[in-house]
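Numbering (the working numbering), first residue to last: 1 to 295. Where a beta carbon is used, it is the ideal one built from N, C-alpha and C, also for glycine.
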Amino acid sequence: MTEILQNLADGLGAGSTYALFAVGVSLIFGVMHLVNFAHGELLTLGAYLAYWMLLREFGWWVVVPAVIGAAVLGSMSIEFVAFRRIRGANPFTLLLTSFALEVLSHAVWKVFVSSKRKPFATPEWAFESFAIGSVRFEWWNIVAFGVAVLSFAVTAFVLRRTMFGLAVRAAAEDFDAARLMGVKANRVISGAFAFAGLLAGIASSLILMRKGGAEPRMGADPLLKAVIAAVIGGLGSLPGAVAGGLALGVTEVFVRDLLPEDLGGLTDGLVFAVIALLFIVRPQGLFNVETAERV
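Put into structure tokens, the structure is as follows:
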């Protein structure tokens, strides 16, 4: 029982960051029917900004808001520069554009900054822990889970109790009908990208406190986990993205714990095999999602 509780405590921390990214992926998919593979590059942007600021001795209490702000602006810029003018294109063109942005981002950081990892100092508390009985809890896991829960509560409030949330939900349900009722397409889509960027910025801040470094391709792995989490939950379902992210984080920890130490590198492969079995049993994911017409 102790081992199970320990794995749950560790898995929920990592799963919280996956879920934050996954909600952003699902939110954008809901209004545009686009899986935005450039979404993970917001982490890379935040990492290099954190490196630059920490090198100049800014504290983390300044770095975190800056990383979140950069993610919001970066996400809105991606929508405006890359997707707004091709919004009516076929899904393959949109998908190819998001892939191109991801590859271009990797190249830009390698050519104009460095292909090598740029380390920076992490806060001490991010690696500290405390014990309750025989179970050890890391402060980072507690903070990550708490911040994620608060973020999801705010997201639920915004989507259910504000005019912006009403417009987003209407657009996800039927964009054509929503536009006929006065919903502004540019405003809703830009707002969805901004909100997805906000969640990505929060997740990036948490990840960077543990990573302690910036490198060109660091956004690829969290993005892959976020997309998988969103698909597990049912692509387009925000509650499903939360459930999928947490489930993926916990599954990773349990699989890693079951494997012998010298086979730890197989963790991702076995996790993906478990996910493949899930899709055989339930191909639509954990939550049913009604498909809407894209603009």
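Looking only at its chain, what residues have a beta carbon closer than 6 angstroms to the beta carbon of residue i, apart from the 5 residues adjacent to it on each side?
i	result
residue 219	40, 41, 43, 44
residue 167	183, 188
residue 48	214
residue 216	106, 109, 110
Is residue i near residue j, with beta carbons less than 8 angstroms apart?
i	j	result
residue 34	residue 73	no
residue 208	residue 67	yes
residue 229	residue 18	yes
residue 117	residue 213	yes
residue 27	residue 206	no
residue 172	residue 31	yes
residue 222	residue 21	yes
residue 83	residue 97	yes
residue 148	residue 16	yes
To the nearest whole angstrom, what separates the beta carbons of residue i and residue j, a pair I think is in contact under 8 angstroms?
i	j	result
residue 191	residue 157	In fact, because the Cβ distance is near 15 angstroms, the residues do not count as touching under 8 angstroms.
residue 120	residue 55	7 angstroms
residue 204	residue 69	No, residue 204 and residue 69 are not in contact; Cβ-Cβ is about 11 angstroms, not under 8 angstroms.
CA-CA distance, residue i and residue j?
i	j	result
residue 4	residue 91	42 angstroms
residue 293	residue 87	Residue placement at residue 293 is poorly supported in this model, since its pLDDT is 42, which falls under 50; the coordinates are not used for a value here.
residue 211	residue 135	24 angstroms
residue 152	residue 61	22 angstroms
residue 246	residue 202	16 angstroms
residue 105	residue 71	14 angstroms
residue 76	residue 194	5 angstroms
residue 252	residue 11	7 angstroms
residue 122	residue 37	28 angstroms
residue 9	residue 155	24 angstroms
residue 170	residue 161	13 angstroms
residue 85	residue 280	38 angstroms
residue 131	residue 231	35 angstroms
residue 102	residue 124	32 angstroms
residue 78	residue 259	40 angstroms
residue 174	residue 99	26 angstroms
residue 277	residue 196	29 angstroms
residue 89	residue 114	35 angstroms
residue 29	residue 150	23 angstroms
residue 181	residue 198	28 angstroms
What residues in its chain sit with their C-beta under 8 angstroms from that of residue i, if we drop five residues either side in the sequence?
i	result
residue 80	190
residue 255	267, 270, 271, 274
residue 13	138, 140, 141, 142, 144, 145, 249
residue 224	40
residue 2	133, 134, 135
residue 7	250, 253, 254, 257
residue 129	136, 137, 138, 139
residue 53	62, 63, 66
I'd like the list of long-range same chain contacts for residue i, defined as Cβ closer than 7 angstroms, with 5 residues on each side in sequence excluded.
i	result
residue 291	Residue placement at residue 291 is flagged as unreliable, the pLDDT there being 49, under the threshold of 50; a coordinate-derived value is accordingly withheld.
residue 179	185
residue 227	25, 35
residue 159	165, 168, 169
Using beta carbons (cut-off 8 angstroms, strictly below), is residue i in contact with chain C?
i	result
residue 183	Within the model displayed, chain C is absent; a lone protein chain is all it includes.
Which runs of the alpha helix (DSSP H) spanning at least 4 residues fall entirely within the region 154-224, listed in chain order? Entirely contained in the region 154-224, the alpha helix (DSSP H) runs reaching 4 residues are, in chain order, 163-173, 175-180, 185-211.
Report the residue ranges of all beta strand (DSSP E) runs contained in full by the region 101-143; include only those spanning at least 3 residues, in chain order. Entirely contained in the region 101-143, the beta strand (DSSP E) runs reaching 3 residues are, in chain order, 129-132, 135-138.
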